[in-house]
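Only one structure is covered here, and it is reproduced in the block below.
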Amino acid sequence: MIRVAICDDEAWYREELRKYCEKYFEEAHLEYQLKEFASGEKMQEELIRSKGQGVCLTDILLLDIEMEAVDGIQLKDAMQKDRSEIRILFITSHEEAITEAFGSHVFGFLKKPVEYLSFERKMNRIVEDIKYYEKFVVVKNALGVRKIYLNQIQYIQAHEKFSQMFLEKEQSPVFSEYSFSFWKKELESEGFSQCHRSYLVNFYHIKAIKEDILLKDGAKVPISRRMQKMCKEQYKEYLWDRAK
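Counted from 1, the sequence shown has number 185 at position 181 by this note's numbering; the numbering is strictly sequential.
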């Protein structure tokens, strides 16, 4: 079940997007649930409610950038702060707002009036991403075998001939009998990049790259001078690819 929310203060555009969603999911033979919000304030209330319940109630948010009181940029910033898993597809009448709207949650932009073929292409990419985060790896160690989803992994650190995985919301790393080089080969095509001789970072969890790599939960991962330029370019490509 894919949960979709439409947030736009203009009823005509909400109706158009609702019809597009109905057409898209019926043709794709995917189960979905649809909610509509007539203001940024109402959507913000939904985000607060979902945070209080400790779950994400929306997978895809079709979000108008320009709204009164609480606009799309403010909602996007709030989601980044709370590390929400919602994927945002911005709807805008003003292309100059796009630069400010970029972020790790943003999967693209559609200009009003929205053309269905453009909508379909963007939705295909988002649905692919949802399916991607169902991917997992199997980690073996002395404690047994554990299934770990890729989006749980913040970074991997070399540990002698082996490695250890640092997971979101877990204090202790998970030891792996596989080497750092094994995970580098396995995961570099899945949104991970080597940022240091001993570290492999997941772009999904990055907030900013400066002297160190700052993750969304406040943790820091070292980045070497030699790999800094390459890692920044790869991260930029990662964000741009998601927003195409």
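We put the CB at the ideal spot given by N, CA and C, even for glycine.
- A residue is called buried when at least 16 other Cβ atoms come within 10 angstroms of its Cβ; G148 does not meet this threshold and is exposed.
- Taken in chain order, the whole beta strand (DSSP E) runs of length 3 or more contained in the stretch 171-217 are 178-180, 196-200, 203-206, 210-213.
- Annotated as distal: F166 and Q158, with beta-carbon spacing of 9 Å or more.
- M83 sits buried, since 16 or more C-beta atoms from the chains shown fall within 10 Å of its C-beta.
- For a cut-off of 8 Å, the C-beta gap from K220 to K211 is around 5 Å, short enough to register as a contact.
- Nearest Cα to R230 within the set W244, N145, Q198: Q198.
- Closest in alpha carbon position to L114, among L65, V142, I227, is L65.
- A direct Cα-to-Cα measurement between I6 and I134 gives close to 9 Å.
- Burial check for H33: the Cβ neighbour count within 10 Å stays below 16, so the residue is exposed.
- Rounded to the nearest whole angstrom, the CA to CA distance from G76 to K151 is 36 Å.
- Here the C-alpha atom of L243 lies approximately 9 Å from the C-alpha atom of Y208.
- In the DSSP assignment, K27 falls within the unbroken alpha helix (DSSP H) covering 15-32.
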